[in-house]
Structures are given as C-alpha cells and as structure tokens.
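In my numbering, the protein residues as written are 3 to 183.
See below for the structure under consideration.
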C-alpha cells in the first residue's frame, strides 16, 4: 500500500491531464476534455494560492493576446444555431470588468480568463452547443451576482469548440509545467 503525499501531486496531475487531453479519443471525448480543463483550472491554481507551488514567471499576469494561439481562439464571432433552429452570432470573447468597462484580449490577463472560466464552470454557467448528439462546443458565462444571473446580465461570455478547448487546456498545462520552480 502506498503512502499519502502531496509533494508533487499538482505536477503529476498536470502531466497526466495534458497526456489525456492529447491522446483520449473515445466515446464522450468532449466531456472528458471539459473535465480535464476543469482540473487544469482548479488544481494548479489552488496549489499556487496556498503557497505550495511557485512559478519562475507568473504567466497568469500576461495578456491573453501574448499567446498567438489564444488570440486566434478568442477573437471574432461564430454563428451557432439554437434549439429552435435560429442562427445566433456568438462572441468568441466578451468581458466587462466590475467597473463596467468592456475589456479585450489585449488588456485582460490570462489569470483573469482562468478565473472567469473557473467561476463560470463552478456556478454551472456552461452551455453545451450541439448538433444532434454531437457536442460541437461550449459557451461559458460568468455573472457578478445572483440578481444579474437571473436577468442574464453576464460580465463574461465565450464560446470554444472542441479543438479550441483542447488548445486552451494544452496551453494552460504547458505554461504551468514550463514555469514550475
């Protein structure tokens, strides 16, 4: 029987999750990918916040636009279809800070994006976009409070397809692993 240790749990978790994101290609792979992203958002961040892990470069303070692969993912709009068959223009990135200022990928830090994803997912503000049984992508939203949530007055909204979600998860894993001290 093994013994309990948390010494390198976060590192091993990130490495294994990155491998899963790259290689997993079975039924429900998109569900698996979402679960992997959730783990990559929560576990390393909590280790860092609790002082269990530090980074050489705090990459989370970099602007989203500093990463060309993220700039491509979070720029522009996409047309999706709702349950009624209506076409909807969906922003790839919308964010309004707590002062009401609209933000862009050029003045929003990666850490803020991770926090917004974390909050959106943790509060069940994640909407699958499907074509039949195929999950094409997800919309993640964040609300500042319950009243704004009831009125659908979100301060963050994004859409990622499966490929984009995989790129985002892999980048998060790579940056954590590259910068661990």
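We treat Cβ as the ideally placed atom computed from N, Cα and C, and that holds for glycine.
Under the rule that 16 or more other beta-carbon atoms within 10 Å means buried, what is residue i, buried or exposed?
i	result
residue 116	buried
residue 46	buried
residue 143	buried
residue 72	buried
residue 20	buried
residue 178	buried
residue 157	buried
For residue i, which of helix, strand or coil comes out of DSSP?
i	result
residue 107	coil
residue 42	helix
residue 85	coil
residue 120	helix
residue 163	strand
By alpha-carbon positions, which one of the options ends up nearest to residue i?
i	options	result
residue 168	48, 59 and 75	75
residue 173	17, 10, 11 and 9	17
residue 175	124, 163, 112 and 147	112
residue 41	13, 57, 109 and 53	13
residue 68	52, 110, 96 and 56	110
residue 66	102, 39, 52 and 118	118
residue 124	53, 90 and 39	39
Identify, in the order they occur along the chain, each residue of the same chain with its Cβ nearer than 7 Å to the Cβ of residue i, setting aside the five sequence neighbours on each side.
i	result
residue 78	94
residue 127	142, 143, 144 and 145
Enumerate in chain order the residues of its own chain whose CB-to-CB distance from residue i is below 6 Å, with the five nearest sequence positions on each side excluded.
i	result
residue 151	145
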